[in-house]
């Protein structure tokens, strides 16, 4: 029997904080890109975060067990996690942090689709299917509705970067499905995260070396971005996210993640002075509205039925 519960005040507050942090991560990666490639930043942050998680487990007296049957799904989520950030790192070379924030956070919609087929408690209702349609309409508009001469960057390159952002969202959604539907759902958040971080460090570092993206200029901005990514994003926020996934319904948590793209767009425009097109904004609003309908169905139903949330 699934014992995950509905969203409460604690979950709402934590999700708001996580959305602010996640909205900043693409901006930090993009801002420090002239000094260290996004892919190299992501590899280094995974390695540092893995060391922090390992230290936390040691201090707690928690041992990493490979004999409990979790290593196989652990390897799967590690590969999916690595793919997500490989797509992010490469995508940010071609598109803006604002675009990446929107396409990456299509993940809840893809997670909801996967969980629909795997867990009865996460079955999508008709209203949610409308949300899926709305989100994909938004993706199409955001992809193809832009003018032929954007303010910065070649149209084909930006389109490719946007596509990689969407693939990152698919990978993140698939990671959520595996976490919920495998033996990792019954293991500790630290062990589940350590699988992801160690695998990502190895695979992303290998990818950075293979693609020749290992140059590092040790500026304050470069170190600041890496430390923010490693300590705040990959360590603190991911542990919080995994803890939330173990206590609350995954599709219900997704309703609050719709705030992340708005934060990402706002930080991108404010801090990086990124241009925005009307068609992209229309598509982004449709994507986010669709995610709200998909992920927040139970919450919205309680609101409109006059129930207590």
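Numbering (my numbering), first residue to last: 1288 to 1596.
Don't be surprised by glycine CBs; every beta carbon is placed ideally from N, CA and C.
- Taking the CA atoms as reference points, residue 1573 sits about 34 Å from residue 1360.
- Under the 10 Å beta carbon count, residue 1386 is surrounded by 16 or more other beta carbons and is classified as buried.
- When rounded, the separation of the alpha-carbon atoms in residue 1327 and residue 1514 is 13 Å.
- Shown here, residue 1392 sits in coil according to DSSP, grouped into three states, outside any helix or strand.
- In the structure shown, the three-state DSSP call for residue 1545 is coil.
- Using a Cβ distance threshold of 7 Å, residue 1391 and residue 1456 count as a contacting pair.
- Residue pairing by DSSP puts residue 1535 in a beta bridge opposite 1292.
- Straight-line spacing of the CA atoms in residue 1449 and residue 1348 works out to 43 Å.
- If you draw a straight line from the Cα of residue 1427 to the Cα of residue 1421, it comes to about 10 Å.
- If you look at residue 1478, you'll find it in the alpha helix (DSSP H) that goes 1476-1497.
- With a beta-carbon spacing of about 6 Å, residue 1516 and residue 1315 fall inside the 8 Å limit used to define contacts.
- In this structure, residue 1530 sits near residue 1476, with a CB-CB distance shorter than 7 Å.
- Spanning the alpha carbons of residue 1496 and residue 1488 requires a straight line of approximately 12 Å.
- Contact between the segment 1363-1377 and the segment 1451-1467 is present: 3 or more CB-CB pairs across the two stretches fall below 8 Å.
- In this structure the segment 1321-1341 touches the segment 1502-1512; the number of beta carbon pairs closer than 8 Å is three or more.
- In this structure, 1399 is the residue among 1399, 1406, 1431 and 1429 with its C-alpha nearest to the C-alpha of residue 1416.
- In this structure, the alpha-carbon of residue 1445 lies about 16 Å from that of residue 1552.
- Residue 1389 and residue 1571 do touch by the CB rule: their CB atoms are close to 5 Å apart, below 8 Å.
- Cβ atoms of residue 1395 and residue 1524 stay farther apart than 8 Å, at about 16 Å.
- Residue pairing of residue 1503 in beta bridges, as defined by DSSP: 1323.
- Beta-carbon to beta-carbon, residue 1518 and residue 1339 are separated by about 7 Å, close enough to satisfy the 8 Å threshold.
- Residues of the same chain with a CB within less than 6 Å of the CB of residue 1318, apart from the 5 flanking positions on each side, do not exist.
- Residue state for residue 1463 is assigned as helix, using DSSP reduced to three classes.
- Counting the other CB atoms within 10 Å of its CB gives residue 1322 a total of 16 or more, which places it among the buried residues.
- At the C-beta level, residue 1485 and residue 1324 stay beyond 7 Å of one another.
- Exposed is the label assigned to residue 1560, since fewer than 16 other Cβ atoms lie within 10 Å of its Cβ.
- If you check the CB distance, residue 1581 and residue 1418 come in under 7 Å.
- For residue 1302 against residue 1540, the beta-carbon gap comes to about 6 Å, under 8 Å, which counts as contact.
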